[in-house]
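*Asks:* Our numbering numbers the first residue of the sequence shown as 5 and each following residue consecutively.
For every residue, glycine included, the Cβ atom is placed at its ideal position computed from N, Cα and C.
Sending over a structure as structure tokens; questions will come in a sec.
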Amino acid sequence: MDNGLPQNSIKDIVKDKYGFIWMSMEGRILRYDGNNFVQYRNFKFKNLSFGDFYGSIEHDSIIIFNDSEKNALQISQRHPDIVSSDKIFKPGGSVYDKIYKRLIKNNTTVRFIPYIDSYYIRLNTGSYYFENNGIIYVEKKSKKNIPIDLKFSRNRLKRLFVHGDYIFIADIENKKILQLHQGKYSYIDAPSVYSDPETKVYWQQTTGQVFMISHGKIYRSQFSEGKLKLSYILEYKDIDKEISGAMFYDEVNRKLYIGSSINGLKILSLSDFFVSRKNLPYQDEVCYAAVPFGDHSVLTQEGLRYDNHTSERIFPAPQSYDKRYILEDNEGNLVYRENNSIHIRYKNSQFKKYDSIYFKGKEIDGIYKTGGLYMASVLQGKLSYLYLFGHDLKKVEKVISSKENIDAVFRYSKDLLYLGGSGGISVFSFAQNKIVKQIGKDLPVKQMSRMKDGNIWFTTYNRGIYLLKNDKAIKIPDDKNDILSAAHYILEDKNSNWWISSNNGLYKVNKNILLQNLETKKGVVSYYRYTKSNGFLNNEFNGSAEPCAHELKDGQFVFPSMEGFVFFNPEQVKTYYPTSQDIYLERARVKGKMIRLKDRLFLECGYKSAQVCIDIPYYSDLENIYLQAKLVGGEDSQWTDLKKDKIFHLGSIDPGKYNLLVRFLSSENGTFIYKSLPIEVEAYFYQTLIFKILVIGFFVLIIIVIIQIRTNFLRLKNKVLKNSLVHKDKELQETNNKLKNESDYQKKLVESISHDITTPVKFIALLSQELTQSEDIKSQKKYFDSIYKTSEQLYKFTLSLKEYTELYKQESITEEEYSVYDLIENKRLLFEEIAARKNTFIYNFCDHQLKVNMNRNILLAIFHNVIDNAVKNTSNGEIIITTASTGSGIEICIADTGSGMSEEQIIYYSGLFNKKENENLIFKNYGLGLHMVIQLVMKINSGMTFHKNTPKGTLIKIHIKI
């Protein structure tokens, strides 16, 4: 329904002593707190059609009956409860066959029914009964009936209203007002509105308010010093179309509530702001720059003068779409930008004559007046220039170039000129004729202004508001919605309050609080926001103009908006804050049911969610009081902003005791009011301390049992360990023997390495001896060449000795593949000269394409020892090395024609290779070279066989598995 109401029929409106507004309607009554409606309808009445409010607001006892007047509710302590009708004075009834009806209200919807014998009004001093075309006064103390000697027809009751103990009835014919007081009557004079036949009367005795409605204008009637007085509230032209059964004026919040039987609720706010528009056909109302004109108005380049109520044309001018820049020179002439020209309208011609200044090939970006200087920012290509004019505005006296666009100009001193643009503020020195420094780098400056204390402040495009101090830009705290990041302009009133225009409302903040916050970094800077609900026609104010705000001589401030100029007197604009007594934590919704709270909220175990309602009768923008809440005692205790429903949501929390802490601003100086509500969450049995102690005891018992079982197990295991100690001792003895054999093996391995090196070294020694004995140069050269080649190969071999000694620690398989031919060739070159001295030739007939991914050092050690043995035992013969591929790998054959192995040696070495346990190898005194080869071949999981060569010599086959 309209206004968030469940229906559009409102019968009566009243405000209780706590600040809540109550409304009666069909089937329910409503409570309104400025933002939300709370319905009350679950009453055990047969008739739920409620009427007018009775009782006493001051005594916190408001009574409302249903239509049958058999049942009643009493509103007290902000809540309605059923009250026995026998204990209260009924508004109607019959006595001695006479039907009575109490008058509590008078309005256009009241009907005076003929079957009612007597209408009466109860006052503090007595009661007046209107019956039988007369008036009877019954004194309260003596109960004495006093007839008033006055003929009075019932139809005159339509003009009746009451102030305190005085009853007034307008006499339309005589233009007088009939006054009744303590049983006596008289006629008094009053303003003509009272006796105007077109005037409609509204009176409600419970609220004590009387309104006179005349031709759409609503007045409030008051009686003081024996005189009736009217105070104008507002004009509502549709009031005559409304069937208004209820009215209430909230004097504190300056709001008029009109309840209609067909159109619901109208809330009309009295504004401290005045919006002035031009109201011309086919023209927009967008306003930008203007200049003060007289004491209480502004003038635009369109020739329109605006004051706080009206607008009028001063001089003829076409509608302008370029309204951002205007200034007034010392002669009072208007200077403004229009279509890339500067127009000067002369005051002495009533602004009808004007001259123009045109910049060919350049774009005029803006015009400025500051510190007695007249300037224009001009764009030419990518460069920006500031032209300084003489006082006649026709001669350019100086041009200042800038890399950035010039959007704002401010004369700081006689020498320094501040140029604001997208890159910050450039400071130009007239004395040095150049830009001397940069302030606020990369800050897009919008407007700059000097406040009454001499400080320079500037606004930016989406970067906030800054203070210039010691050539540094200091940012002030943002508002909670970050709207002031794009603030337009700042005006300061007499109380050091700032008024800041923005794209979404007008903000007020105390400058001293701002400065204190910048210095201490403590406290909250509270911005008070005014919007359309305060009287604007549009929340968007306009900036990016020069000038875009004014303080007029009569004290009014003027800001341009998207829909007219906004006028106001800052001394008269009010701010609204609740007091410490205006917050109530007495309602909560648990399991879908609304419950009343006394001093705490108790949540039974198993609840899933709950809602705590924060009730504050506040009739302005809720964001201005920074209403926040947090749950103290839980893990998350951050302040949470409450929405307009003012509900704090409680999810599932652990059992225990908590405190809901609510706070809000109570004044402009940032003072918070705090209110707490204890909350207790019931625990299940398994969440209680007793249960936890029992669980801990149970686990302790289990641990004791486990320890006992473990102890018994360890005792049994100890016996088993003692029995196996002898067996382990034997195993250690065997291991010791194996280690001893390993040590012997390492010793033999060192001897074998020495042996492998001895052969080439001995060969070099022999060659050296023959070299000293030979005198033939060719022979010497041959010896030198043999020594060189053998030494070179020996050197290469010694480089790999480290790897040679660590063969058993290395992995057998590698990722890299090696050519078998290259490995054999490496060793062939080492022994080539040694074999040649014995007239033996070594042939490498290995396949060049065969590759293996075995450990290179292991293979080289194997080939070294096998070829070395072949060279040692072969003279005047040949050593042939070949390869062949088999199904499971590669076979490398090394055949020599030397003395060869004996049958015993072949059997011995073949037997060594066939043994599985390498640790138990027993070496005979045949040399260690082949023993090591057998070990290495077994390490790479390969095979090796020994054969007699034909006709003589030895054939060794190495089988490498792939």
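Identify every run of the beta strand (DSSP E) within the stretch 537-567, keeping only runs that are complete inside it and at least 3 residues long; order them along the chain.
*Replies:* 561-565
*Asks:* Taking 8 Å as the threshold, find out whether the stretch 817-824 comes into contact with the stretch 841-855 through three or more Cβ pairs.
*Replies:* yes
*Asks:* Which whole runs of the beta strand (DSSP E) in the stretch 887-924 are 3 residues long or more, in chain order?
*Replies:* 893-900
*Asks:* Can you give me the start and stop residues for the beta strand (DSSP E) that residue 99 sits inside?
*Replies:* One-based indexing of the sequence shown puts residue 99 at position 95. 96-99 is the extent of the beta strand (DSSP E) around residue 99.
*Asks:* Return the CA-CA distance between residue 338 and residue 380, expressed in angstroms with no decimal places.
*Replies:* For the purposes of this step, residue 338 is taken as the residue at position 334 of the sequence shown. For the purposes of this step, residue 380 is taken as the residue at position 376 of the sequence shown. Their Cα atoms are separated by approximately 15 Å.
*Asks:* Restricting to Cα atoms, I'd like to know which of 943, 938 and 138 is closest to residue 950.
*Replies:* Residue numbering aside, residue 950 sits at position 946 when the sequence shown is read from its first letter. 938 is the residue among 943, 938 and 138 whose C-alpha sits nearest the C-alpha of residue 950.
*Asks:* State whether the stretch 15-25 contacts the stretch 36-56, with contact taken as three or more CB pairs (one from each stretch) at a distance under 8 Å.
*Replies:* yes
*Asks:* Starting from the N-terminal side, write out each stretch of the beta strand (DSSP E) that is 3 residues or longer and does not extend beyond the stretch 366-429.
*Replies:* 367-374, 377-384, 387-393, 400-406, 412-415 and 420-425
*Asks:* Should residue 564 go down as buried or exposed, given a rule of 16 or more other Cβ atoms within 10 Å for buried?
*Replies:* To locate residue 564, count along the sequence shown from 1; it is residue 560. With 16 or more other Cβ atoms within 10 Å, it is buried.
*Asks:* Considering Cα atoms alone, identify which of 613, 818, 17 and 865 is closest to residue 265.
*Replies:* Taking the first residue of the sequence shown as 1, we reach residue 265 at position 261. Among 613, 818, 17 and 865, the Cα nearest to that of residue 265 is on 17.
*Asks:* Taking the beta strand (DSSP E) that residue 87 belongs to, which residues open and close that run?
*Replies:* For the purposes of this step, residue 87 is taken as residue 83 along the sequence shown, with counting starting at 1. Unbroken beta strand (DSSP E) run through residue 87: 83-87.
*Asks:* Just the Cα atoms here: how many angstroms apart are residue 77 and residue 283?
*Replies:* To locate residue 77, count along the sequence shown from 1; it is residue 73. To locate residue 283, count along the sequence shown from 1; it is residue 279. Straight-line Cα distance between these residues: approximately 51 Å.
*Asks:* Quick one: residues in its chain with C-beta nearer than 8 Å to the C-beta of residue 473, no 5 flanking neighbours on either side, listed in chain order?
*Replies:* Within the sequence shown, residue 473 is the residue found at index 469, counting from 1. Closer than 8 Å at Cβ, skipping near neighbours: 459.
*Asks:* For the beta strand (DSSP E) that contains residue 524, what are its first and last residues?
*Replies:* Counting from one through the sequence shown, the residue named residue 524 turns up at place 520. Taken as a continuous stretch (DSSP letters only), residue 524 belongs to no beta strand (DSSP E), being part of the alpha helix (DSSP H) at 515-524.
*Asks:* What residue from 203, 189, 208 and 152 has the CA that sits closest to residue 61's CA?
*Replies:* The count along the sequence shown starts at 1 and reaches residue 61 at position 57. If we check each option's Cα against that of residue 61, 208 comes out closest.
*Asks:* Under a three-way DSSP split, which group does residue 490 fall into?
*Replies:* The residue given as residue 490 occupies position 486 in the sequence shown. Reduced to three states, the DSSP call for residue 490 is helix.
*Asks:* Can the beta-carbon of residue 205 be found less than 7 Å from the beta-carbon of residue 258?
*Replies:* The sequence position of residue 205 within the sequence shown is 201, counting from 1. The sequence position of residue 258 within the sequence shown is 254, counting from 1. No; because the gap between Cβ atoms is not below 7 Å, this pair is not in contact.
*Asks:* Which value, in whole angstroms, describes the spacing of the CA atoms of residue 494 and residue 42?
*Replies:* On the sequence shown, residue 494 is found 490 positions in, with the first residue counted as 1. On the sequence shown, residue 42 is found 38 positions in, with the first residue counted as 1. Those two C-alpha atoms are separated by around 40 Å.
*Asks:* Using the three-state DSSP reduction, which class does residue 863 fall into: helix, strand or coil?
*Replies:* Position 859 of the sequence shown, counted from the first residue, corresponds to residue 863. Of the three classes helix, strand and coil, the one that applies to residue 863 here is helix, per DSSP.
*Asks:* Could you check the C-alpha separation between residue 585 and residue 660 for me, to the nearest Å?
*Replies:* In the sequence shown, the residue the question calls residue 585 occupies position 581. In the sequence shown, the residue the question calls residue 660 occupies position 656. Each residue's Cα considered, the two are about 29 Å apart.
*Asks:* Can you give the beta carbon distance from residue 319 to residue 356, rounded, assuming they're within the 8 Å contact cut?
*Replies:* Locating residue 319 in the sequence shown gives position 315, counting from the first residue. Locating residue 356 in the sequence shown gives position 352, counting from the first residue. The C-beta distance from residue 319 to residue 356 rounds to 5 Å, short enough to meet the 8 Å contact threshold.
*Asks:* Looking only at its own chain, which residues have a Cβ that is under 7 Å from the Cβ of residue 924, when we skip the five neighbours before and after it?
*Replies:* Within the sequence shown, the letter at position 920 stands for residue 924. Residue confidence is low: residue 924 scores 44 on pLDDT, short of 50, so the model does not pin down where it sits. Its coordinate-derived value is still stated next. Result list for residue 924: empty, nothing under 7 Å.
*Asks:* Let's test the definition: count the other Cβ atoms within 10 Å of the Cβ of residue 609 and tell me whether it reaches 16, buried, or not, exposed.
*Replies:* The residue given as residue 609 occupies position 605 in the sequence shown. Exposed is the label assigned to residue 609, since fewer than 16 other Cβ atoms lie within 10 Å of its Cβ.
*Asks:* Go to residue 197, then tell me how far its alpha helix (DSSP H) extends in each direction, as first and last residue.
*Replies:* As a first step, residue 197 is located in the sequence shown; it is residue number 193 there, counting from the start. First-last of the alpha helix (DSSP H) with residue 197: 196-199.
*Asks:* For residue 92, which of 526, 115 and 66 has the nearest alpha-carbon?
*Replies:* The residue given as residue 92 occupies position 88 in the sequence shown. For residue 92, the nearest C-alpha among the options comes from 66.
*Asks:* If we count the other Cβ atoms within 10 Å of its Cβ and call it buried at 16 or more, is residue 168 buried or exposed?
*Replies:* As a working note, residue 168 is residue 164 in the sequence shown. Residue 168 comes out exposed.
*Asks:* Give the list of continuous beta strand (DSSP E) stretches no shorter than 3 residues that lie fully inside the stretch 233-289.
*Replies:* 248-254, 259-264, 269-273 and 277-280
*Asks:* Considering just the uninterrupted stretch of the alpha helix (DSSP H) at residue 689, what are its terminal residues?
*Replies:* Taking the first residue of the sequence shown as 1, we reach residue 689 at position 685. Unbroken run through residue 689: none, as it is neither H nor E.
*Asks:* Straight-line CA distance for residue 498 to residue 130?
*Replies:* Residue 498 sits at position 494 when you count from the first residue of the sequence shown. Residue 130 sits at position 126 when you count from the first residue of the sequence shown. Approximately 52 Å, taken between the alpha carbons.
*Asks:* Would you identify the three-state DSSP class for residue 926, choosing helix, strand or coil?
*Replies:* In the sequence shown, counting from the first residue as 1, residue 926 sits at position 922. Reliability of the predicted coordinates at residue 926 is poor, the pLDDT of 47 falling under 50, and the value obtained from them is presented with this limitation in mind. Here residue 926 sits in coil by DSSP.
*Asks:* Opposite residue 139 in the DSSP bridges: which residues?
*Replies:* Numbered from 1 along the sequence shown, position 135 holds the residue referred to as residue 139. Paired residues: 134 and 152.
*Asks:* Which residue or residues does DSSP assign as beta-bridge partners of residue 660?
*Replies:* As a first step, residue 660 must be located in the sequence shown, where it is residue number 656. Its beta-bridge partners are 685.
*Asks:* Reducing DSSP to helix, strand and coil, say where residue 857 ends up.
*Replies:* By one-based count along the sequence shown, residue 857 stands at place 853. In this structure, residue 857 counts as strand in the three-state DSSP scheme.
*Asks:* So residue 840 is in the alpha helix (DSSP H); what residue range does that whole segment cover?
*Replies:* The sequence position of residue 840 within the sequence shown is 836, counting from 1. Here the alpha helix (DSSP H) through residue 840 covers 824-841.
*Asks:* Mapping the DSSP letters down to three states, classify residue 19 as helix, strand or coil.
*Replies:* Within the sequence shown, numbered from 1, the residue matching residue 19 stands at position 15. Looking at residue 19 - three-state DSSP - the assignment turns out to be strand.
*Asks:* Looking at the unbroken beta strand (DSSP E) that takes in residue 126, where does it start and where does it end?
*Replies:* Translated into positions along the sequence shown, residue 126 becomes position 122. Here the beta strand (DSSP E) through residue 126 covers 122-126.
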